[in-house]
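**Q** Residue numbers (my numbering): 175 to 270. From the three backbone atoms N, C-alpha and C, an ideal C-beta is built for every residue, glycine too.
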Amino acid sequence: MNALFKALSHPVRRRIIEMLRKGPMASGDIASAFDMSWPTVTGHLNALKDAGLVSPERDGSSIRYRLEISAVEEAMAFLMDIAGTGRAANAQEETS
Numbered sequence: 175m176n177a178l179f180k181a182l183s184h185p186v187r188r189r190i191i192e193m194l195r196k197g198p199m200a201s202g203d204i205a206s207a208f209d210m211s212w213p214t215v216t217g218h219l220n221a222l223k224d225a226g227l228v229s230p231e232r233d234g235s236s237i238r239y240r241l242e243i244s245a246v247e248e249a250m251a252f253l254m255d256i257a258g259t260g261r262a263a264n265a266q267e268e269t270s
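(1) Just reading off the beta strand (DSSP E) that residue 235 is part of, what are its end residues?
(2) Within the chosen definition, does the stretch 245-254 reach the stretch 199-216 through at least 3 CB pairs nearer than 8 Å?
(3) Look up residue 225 in the DSSP assignment and say whether it is helix, strand or coil.
(4) DSSP beta-bridge partners for residue 200?
(5) How would you call residue 199, buried or exposed, if buried means at least 16 neighbouring beta carbons within 10 angstroms?
(6) For residue 195, count neighbouring C-beta atoms within 10 Å of its own C-beta (all shown protein chains included) and say buried if the count is 16 or more, exposed if not.
(7) Measure from the alpha carbon of residue 214 to the alpha carbon of each residue in 256, 245, 186, then state which is nearest.
(8) Our contact map puts residue 229 next to residue 242 with C-beta atoms below 8 Å; I'd like the distance itself, whole angstroms only.
Next comes the structure, spelled out in structure tokens:
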């Protein structure tokens, strides 16, 4: 879970997540959206991959990245539990 939140802490990575919400994208298309070097973008994609937020898939000679909704849902559930509006909070209310 720590890697997930660390990955989401960077604004470039959050922007990549936002881009991938519309569907899978080639790494070159992702990189072209930013004014930074290819290795820097690759580092951000690797951080997202290591956190389980995206998964790469080979598409011919390029790599396409897909958003992993389950990891995003896990982060949301954690935050909702902290806020007292998540599954754990709801289960506690039902037993009270």
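**A** Considering the structure as presented:
(1) Taken as a continuous stretch (DSSP letters only), residue 235 belongs to no beta strand (DSSP E), as it is neither H nor E.
(2) Taking one beta carbon from each stretch, the stretch 245-254 and the stretch 199-216 have fewer than 3 pairs nearer than 8 Å; the two do not touch.
(3) Judged by DSSP in its simplified three-state form, residue 225 adopts coil rather than helix or strand.
(4) DSSP lists 238 as the beta-bridge partner residues of residue 200.
(5) Around the beta carbon of residue 199, 16 or more other beta carbons lie within 10 angstroms, which makes this residue buried.
(6) Sixteen is the threshold: since fewer than 16 other Cβ atoms of the shown chains lie within 10 Å of the Cβ of residue 195, the residue is exposed.
(7) When only C-alpha atoms are compared, the closest one is 186.
(8) Taking a contact as a CB-CB distance under 8 Å, the pair residue 229 and residue 242 counts as one, their CB atoms being some 6 Å apart.
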